[in-house]
Amino acid sequence: MTSTSSHGRTHPAPTAPADASTRSTPAPAPPPPPRRGRLLALPEVRWAALAALTFLSAFPLDLMGAPAWTWGPLYAVCYAAGGWEPGLAGLRALRERTLDVDLLMVVAAVGAAAIGQFLDGGLLIVIFAVSGALEALATRRTEDSVRGLLDLAPSTAVRLTADGREETVEAAALRVGETVLVRPGERLPADGTVLDGASEVDQATITGEPLPVDRTAGDEVFAGTLNGTGALRIRVGKDASESALARIVAMVEEAGRTKAPTQVFIEKVEQRYSAVVVLVTLALFALPLLLGADFTATLLRAMTFMIVASPCAVVLATMPPLLSAIATAGRHGVLVKSAVAMEALGAVTRVAMDKTGTLTEGAPRVAGVRPLGGADERRVLALAAAAELPSEHPLARAVIAAARERGLRVSGAREFSSVPGRGVRAVVEGRVIQVGSAAALLSAGAPGSTDGLAEELVREARAGAEEVAAAGHTAVAVLVDARPVAVLALTDRLRPGAPGAMARLHRLTGTDVTLLTGDHARAAARTAEECGITDVRAGLLPQDKVAAVRAWQDGGEKVLVVGDGVNDAPALAAAHSGVAMGRVGSDLALETADAVVVRDETGAVPTVVALSRRARRLVVQNLVIASVCIGALVTWDLAGHLPLPLGVLGHEGSTVLVGLNGLRLLRTTAWRRAEAA
258 MTSTSSHGRT HPAPTAPADA STRSTPAPAP PPPPRRGRLL ALPEVRWAAL
308 AALTFLSAFP LDLMGAPAWT WGPLYAVCYA AGGWEPGLAG LRALRERTLD
358 VDLLMVVAAV GAAAIGQFLD GGLLIVIFAV SGALEALATR RTEDSVRGLL
408 DLAPSTAVRL TADGREETVE AAALRVGETV LVRPGERLPA DGTVLDGASE
458 VDQATITGEP LPVDRTAGDE VFAGTLNGTG ALRIRVGKDA SESALARIVA
508 MVEEAGRTKA PTQVFIEKVE QRYSAVVVLV TLALFALPLL LGADFTATLL
558 RAMTFMIVAS PCAVVLATMP PLLSAIATAG RHGVLVKSAV AMEALGAVTR
608 VAMDKTGTLT EGAPRVAGVR PLGGADERRV LALAAAAELP SEHPLARAVI
658 AAARERGLRV SGAREFSSVP GRGVRAVVEG RVIQVGSAAA LLSAGAPGST
708 DGLAEELVRE ARAGAEEVAA AGHTAVAVLV DARPVAVLAL TDRLRPGAPG
758 AMARLHRLTG TDVTLLTGDH ARAAARTAEE CGITDVRAGL LPQDKVAAVR
808 AWQDGGEKVL VVGDGVNDAP ALAAAHSGVA MGRVGSDLAL ETADAVVVRD
858 ETGAVPTVVA LSRRARRLVV QNLVIASVCI GALVTWDLAG HLPLPLGVLG
908 HEGSTVLVGL NGLRLLRTTA WRRAEAA
């Protein structure tokens with residue numbers, strides 16, 4: 258049995274008043290669907306837990322030679338709890354004229370019990386029950402996370418009628434061409450175009466941009482994104498089923514249903530192997546009986562074959578190295594969700610990285626202060642922080658944090674106001690402070706900028722803002738009494754160790770790392786330059802990232818995608834392997850990815866890839882050992898007479914040997930060796 262695993266920010270803002278006579282009362286939002294991800298809520302997990310518990314209870318009693326009545330019922334419960342579901346599935350497959358390894362394992366377990374080898378059969382049952390439980394849990398959690406993504410889109414919307422009245426309707430009922438009103442702090446109900454109004458919109462869930470973007474008439478907006486401090490009238494451009502958010506959900510579900518080529522190959526091998534073993538077992542039982550052989554001796558020989566031909570050693574040849582690698586990675590902050598996921602990580606030949614929240618920390622910071630006209634840098638930053646103190650905008654928090662990091666005293670502000678697309682205005686220590694968009698505050702017709710602005714300062718400020726923007730930063734102007742005194746450069750902080758991690762990934766895969774981001778080209782180019790990345794693709798929507806991943810994979814590449822946001826989830830699902838950043842990662846990205854870097858250490862990504870490659874080498878070694886042992890035992894049983902005790906000893910001996918070989922990756926030096934790879 259194989260199993261595969263298949264940012265929004267809130268900005269509290271006052272609601273714009275509206276005439277009660279023209280606005281209907283919004284209907285209460287329906288309660289969200291119950292989350293079913295609790296471990297024991299799944300029947301597969303409960304049956305697997307019961308099988309494992311009874312097996313672990315029976316094993317020591319059997320080993321110590323206790324009476325059969327003490328451990329026999331426990332083994333019986335183990336067989337029943339863990340074997341009924343794969344047995345039923347195998348019978349259904351048999352009814353469809355196909356054989357799978359589920360039925361073979363159940364038959365082998367029952368056959369082992371029939372000749373007194375209860376331990377062998379119980380071990381097979383437990384392995385398969387636990388594998389099925391993990392598969393069911395991964396499927397259920399992914400379904401929950403997809404439902405959580407759908408919750409981002411509001412269930413209702415305020416539609417504007419032709420005569421200007423407002424009516425609350427279901428968001429799913431909106432049609433192309435209709436007009437909706439989105440108030441401050443609300444999520445947008447549909448994809449469309451802004452007709453009227455100005456606001457900043459947090460689009461991180463769709464594009465991955467770290468900062469809210471200004472949206473005015475004519476700009477495109479997306480369902481599920483978060484409106485800022487201004488009201489917007491939006492013309493619906495797409496039905497709910499065609500929105501960017503709905504497409505993300507559809508792409509994740511489609512990728513989850515698609516089987517990897519390796520999985521298809523394994524299933525074909527399982528069917529053929531099962532058919533061969535069953536046919537040989539029946540022949541070993543039936544043919545000697547027809548020739549007059551003793552019934553008990555014939556049954557014993559057939560069951561011996563079933564035991565020595567069972568793939569216990571093959572299963573353990575694969576699992577211990579991968580599970581040991583998973584445990585070692587987990588101790589160092591990387592959670593790999595399954596053995597299949599760990600194996601896939603070692604096969605990647607190309608790496609695609611997201612930018613915001615992956616290579617960078619996903620939060621703006623002040624990268625520099627450019628004083629103008631001899632202004633004092635510390636004084637300017639303190640005034641700007643005081644003016645921004647009442648604001649909830651991410652840029653405001655970055656300015657305040659920069660002032661506090663420098664130990665500056667931040668005064669109180671009076672008469673605070675915020676204008677979407679421009680910035681904030683406040684009175685600090687008796688002076689009027691403006692902090693906001695350099696393009697808006699330094700424009701020729703900007704209100705408050707024409708009262709005695711020195712042309713030289715304006716030119717200097719504009720030149721500084723252009724240099725900041727050219728470097729891939731966000732330019733923020735600071736005005737005191739309508740005179741520009743500084744330009745702040747805000748940027749997204751690069752994660753420590755990111756350049757070294759990119760170099761290691763390049764050496765591991767032999768190909769250049771690619772940056773796939775929804776951010777604008779200048780910011781992407783700056784981050785790529787700092788990390789040593791030469792292949793940069795900016796301004797991408799989720800479907801664009803998926804298209805790039807699929808194009809590579811159609812060309813024979815095995816792609817590893819590293820991301821953190823909802824907008825990365827489709828690419829994570831479509832890729833050969835996916836890794837998500839755990840601290841800042843969205844729920845959907847964390848559930849879709851094959852591995853999660855809990856501490857957001859970029860350097861852990863190449864290390865876990867190298868660890869996976871070591872595990873894959875041990876798997877190959879173990880498969881050779883297991884194949885040789887099984888082949889030798891099967892040949893002995895077919896060509897001669899293999900005594901049952903010797904067959905069990907050889908079978909279990911090979912199982913223990915490959916298990917111990919695979920456990921080498923549990924040593925504390927395994928992670929350090931992977932780091933040095």
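For what it's worth, this note's numbering labels the leading residue of the sequence shown as 258, then goes sequentially.
Idealized CB from N, CA, C, for every residue including glycine.
Since we're looking at a predicted model, the values are computed, not measured.
field: Residues of its chain near A728, where Cβ-Cβ distance is below 8 Å and the 5 sequence neighbours each way are ignored
entry: In the sequence shown, residue 728 corresponds to position 471, counting from 1. Within the same chain, A728 has close Cβ partners A746, R779, R783.
- prompt: How many angstroms separate the CA atom of L556 from the CA atom of A543?
  reply: The residue you call residue 556 lines up with position 299 of the sequence shown. The residue you call residue 543 lines up with position 286 of the sequence shown. Taking the straight line from one Cα to the other gives about 9 Å.
task: Compare the Cα-Cα distances from T311 to each of G344, V364, I382 and report the closest residue.
output: Looking up residue 311 in the sequence shown gives position 54. Comparing Cα positions, the closest option is I382.
Contact test: A609 Cβ vs the ligand GDP heavy atom, cutoff 7 Å: The model on display carries no ligand, and the ligand GDP is accordingly not part of it.
field: Nearest to R679 (by Cα), restricted to the options G897, T473, T327
entry: Looking up residue 679 in the sequence shown gives position 422. Residue T473 is the option with its Cα nearest to R679.
message: According to DSSP, simplified to helix, strand and coil, what is I382?
response: In the sequence shown, the residue the question calls residue 382 occupies position 125. Three-state DSSP puts I382 in a helix.
query: What residue from S500, G860, W328, V565 has the CA that sits closest to L751's CA?
result: As a first step, residue 751 must be located in the sequence shown, where it is residue number 494. Checking every option, the nearest Cα to that of L751 belongs to G860.
- request: List the endpoints of the continuous beta strand (DSSP E) containing L489.
  value: On the sequence shown, position 232 is the one that residue 489 refers to. Annotation: the continuous beta strand (DSSP E) that includes L489 extends over 489 to 493.
Nearest to L772 (by Cα), restricted to the options R558, T791, R761, A760: By 1-based counting over the sequence shown, the position of residue 772 is 515. The shortest C-alpha separation from L772 is found at T791.
query: When you compare only the Cα positions, how much space is there between A831 and V593?
result: As a working mapping, residue 831 is identified with position 574 in the sequence shown. As a working mapping, residue 593 is identified with position 336 in the sequence shown. Rounded to the nearest angstrom, the two C-alpha atoms are 17 Å apart.
- prompt: When burial is assigned at 16 or more other CB atoms within 10 Å of the CB, is F562 buried or exposed?
  reply: As a working mapping, residue 562 is identified with position 305 in the sequence shown. Result: buried.
message: On a Cα-Cα basis, can you pick out the residue from T486, E499, A488 that is closest to F479?
response: To locate residue 479, count along the sequence shown from 1; it is residue 222. If we check each option's Cα against that of F479, E499 comes out closest.
- request: Can you have a look at W326 and say buried or exposed, based on whether 16 or more other CB atoms are within 10 angstroms of its CB?
  value: Locating residue 326 in the sequence shown gives position 69, where the first residue counts as 1. That one is exposed.
Continuous beta strand (DSSP E) stretch holding P900: start and end: On the sequence shown, position 643 is the one that residue 900 refers to. Where P900 is concerned, there is no enclosing beta strand (DSSP E), given that its DSSP letter is neither H nor E.
Three-state secondary structure assigned by DSSP to R654: Here the question's residue 654 lines up with position 397 in the sequence shown. Helix at R654.
message: Please state the DSSP three-state secondary structure of Q374.
response: Mapped onto the sequence shown, residue 374 falls at position 117. Note: Q374 maps to coil in three-state DSSP.
message: Using C-beta distances below 6 Å, list every residue in its chain close to L762, excluding the 5 sequence neighbours before and after it, in chain order.
response: For the purposes of this step, residue 762 is taken as residue 505 along the sequence shown, with counting starting at 1. The residues are V608, V770, P863.
message: Nearest by alpha-carbon distance to E786: which of L616, L318, K802 is it?
response: The residue you call residue 786 lines up with position 529 of the sequence shown. Of the listed residues, the one whose Cα sits closest to E786 is L616.
- request: To the nearest angstrom, report how far apart A889 and V803 are at their CA atoms.
  value: The residue given as residue 889 occupies position 632 in the sequence shown. The residue given as residue 803 occupies position 546 in the sequence shown. C-alpha separation (whole angstroms): 47 Å.
message: Can you give me the C-alpha to C-alpha distance between A286 and S675, rounded to a whole angstrom?
response: For the purposes of this step, residue 286 is identified with residue 29 of the sequence shown, where counting begins at 1. For the purposes of this step, residue 675 is identified with residue 418 of the sequence shown, where counting begins at 1. Low confidence applies here, because A286 scores a pLDDT of 38, under 50, leaving its location unreliable; read the following figure in that light. Roughly 30 Å between the two C-alpha positions.
field: G709, DSSP secondary structure in three states
entry: For the purposes of this step, residue 709 is taken as the residue at position 452 of the sequence shown. At G709, the pLDDT of 47 sits below 50, so the modelled position is not reliable; the number obtained from the coordinates is stated separately. Here G709 sits in coil by DSSP.
query: Taking contact to mean at least 3 C-beta pairs separated by less than 8 Å, is the stretch 847 to 856 in contact with the stretch 823 to 839?
result: yes
query: Does the count of Cβ pairs from the stretch 729 to 736 and the stretch 679 to 694 closer than 8 Å reach three?
result: yes
field: Residues near A218 in its chain [Cβ-Cβ closer than 7 Å; skip 5 each side]
entry: Residue 218 lies beyond the range of the chain shown here (258 to 934); nothing can be said about it.
- prompt: Does the beta-carbon distance from G603 to A927 come in below 8 Å?
  reply: As a first step, residue 603 must be located in the sequence shown, where it is residue number 346. As a first step, residue 927 must be located in the sequence shown, where it is residue number 670. No, they are not a contact pair.
- prompt: Can you tell which of S911, T892, V891 has its C-alpha closest to the C-alpha of A883?
  reply: Against the sequence shown, residue 883 aligns to sequence position 626. The shortest C-alpha separation from A883 is found at S911.
message: Determine, for L483, whether the minimum Cβ-Cβ distance to residues of chain C falls below 8 Å.
response: The chain labelled as chain C is not found in the depicted structure, where only one protein chain is given.
field: Nonlocal neighbours in the same chain, by C-beta distance under 7 Å from V806, ignoring five residues either side
entry: Working through the sequence shown from its first residue, we reach residue 806 at position 549. If we look at V806 and ignore the five residues flanking it on each side, its Cβ neighbours are A609, V816, V818, A828, A831, A832.
task: State the Cα-Cα distance for the pair L638 and A846, rounded to the nearest angstrom.
output: As a position in the sequence shown, residue 638 is number 381, starting the count at 1. As a position in the sequence shown, residue 846 is number 589, starting the count at 1. Those two C-alpha atoms are separated by around 37 Å.
field: Close Cβ partners of G379 (< 6 Å) along its chain, the five nearest in sequence each way excluded
entry: Stepping through the sequence shown from its first residue, residue 379 is reached at position 122. Here the set comprises F312, Y332, C335.
message: Suppose only complete runs of 3+ residues qualify. What are the beta strand (DSSP E) ranges in the stretch 602 to 632, listed by chain order?
response: 607 to 610, 617 to 628
message: Please classify L502 as buried or exposed, where buried requires at least 16 other C-beta atoms within 10 Å of its C-beta.
response: Walking along the sequence shown from the start, residue 502 turns up at place 245. Looking at its Cβ environment, which holds 16 or more other Cβ atoms inside 10 Å, L502 is buried.
query: What do you get for V387, buried or exposed, if any count of 16 or more other CB atoms within 10 angstroms of its CB means buried?
result: Translated into the one-based positions of the sequence shown, residue 387 becomes position 130. With 16 or more Cβ atoms within 10 Å of its Cβ, V387 is classed as buried.
message: Taking 8 Å as the threshold (C-beta atoms), are R416 and L431 in contact?
response: Residue mapping note: residue 431 aligns to position 174 of the sequence shown, counting from 1. Residue mapping note: residue 416 aligns to position 159 of the sequence shown, counting from 1. Yes; because the gap between Cβ atoms is below 8 Å, this pair is in contact.
- prompt: When the distance is taken between beta carbons, is V667 closer than 8 Å to A643?
  reply: Working through the sequence shown from its first residue, we reach residue 643 at position 386. Working through the sequence shown from its first residue, we reach residue 667 at position 410. The answer is yes: Cβ separation under 8 Å.
message: Taking the alpha carbon of D319 as the reference point, which residue from G442, A743, F375, P799 has its own alpha carbon closest?
response: Locating residue 319 in the sequence shown gives position 62, where the first residue counts as 1. The shortest C-alpha separation from D319 is found at F375.
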